[in-house]
Amino acid sequence: MVIIAYEGKSDGEFFNTLLDKYGLDKNQVTYYDFKGKDNLFNINHQHYNEIEGDVSIIEKILLVVDADNEKDPNPNRGYDASEKALKTLIDDLAFEDVSMDYFIMCDENREGNLESFLLSILDDKQKECIDNFRECYKYELSDKWAYNTFYKQKKEPFDFNHKNFKILKAKLENLYEE
421 MVIIAYEGKS DGEFFNTLLD KYGLDKNQVT YYDFKGKDNL FNINHQHYNE
471 IEGDVSIIEK ILLVVDADNE KDPNPNRGYD ASEKALKTLI DDLAFEDVSM
521 DYFIMCDENR EGNLESFLLS ILDDKQKECI DNFRECYKYE LSDKWAYNTF
571 YKQKKEPFDF NHKNFKILKA KLENLYEE
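421 is the number of the first residue of the sequence shown in the working numbering; add one for each residue after it.
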């Protein structure tokens, strides 16, 4: 059994789509939605108790979180803080005979979230369009807002073979290797 553990509902939908696009069997993966980044970092969370109860049949776990913005006053925000917290979590969980890895969702500046990651693969013309809209709108518009406004309604707006997907694709394929 392999596990993908993540922050929230939209992550699960994303991974369902991504596994399909890469021809990976979704039925071999168990998803754990922690309903928030801070919950995923909580070693006492009930999901970790469930996983520990099944640890004898679990082969691999992929932990996925958003980088968020390091200026956010909450702990574990920003790429470096998220990575440090993930490494500590993996050490603290210490599941024997279980391969654990992580992926941090972010843009090319190592900030943001799932939506930032998706927007980072748009072509320059599309990025410029979003930037121009943000500039003329004069309000802070998050990547989540931009994604939900301009791209969510499209069925397949993203190139899942884009170079920014390379690391994530490799980590997903690794889940299926014996």
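Glycine residues also receive a C-beta, built at the ideal position from the N, C-alpha and C atoms.
Since we're looking at a predicted model, the values are computed, not measured.
Check, Outcome
"Check whether residue 481 and residue 520 have beta carbons under 8 Å apart", "yes"
"Own chain partners of residue 596 with C-beta closer than 8 Å, once the 5 adjacent residues on each side are dropped", "422, 444, 445, 448"
"Assigned exposure category for residue 435 - 16 Cβ within 10 Å defines buried", "buried"
"Residue 569 versus residue 542 - alpha carbon distance", "15 Å"
"Length of the line joining the Cα atoms of residue 525 and residue 587", "11 Å"
"Where residue 476 falls, given that 16 or more other Cβ within 10 Å makes a residue buried", "exposed"
"Residue 510: first and last residue of the uninterrupted alpha helix (DSSP H) it sits in", "499 to 513"
"For residue 538 and residue 528, the rounded distance between their alpha carbons", "10 Å"
"Whole-angstrom distance between residue 523 and residue 591, CA atom to CA atom", "8 Å"
"Residue 423 in three-state terms, based on DSSP", "strand"
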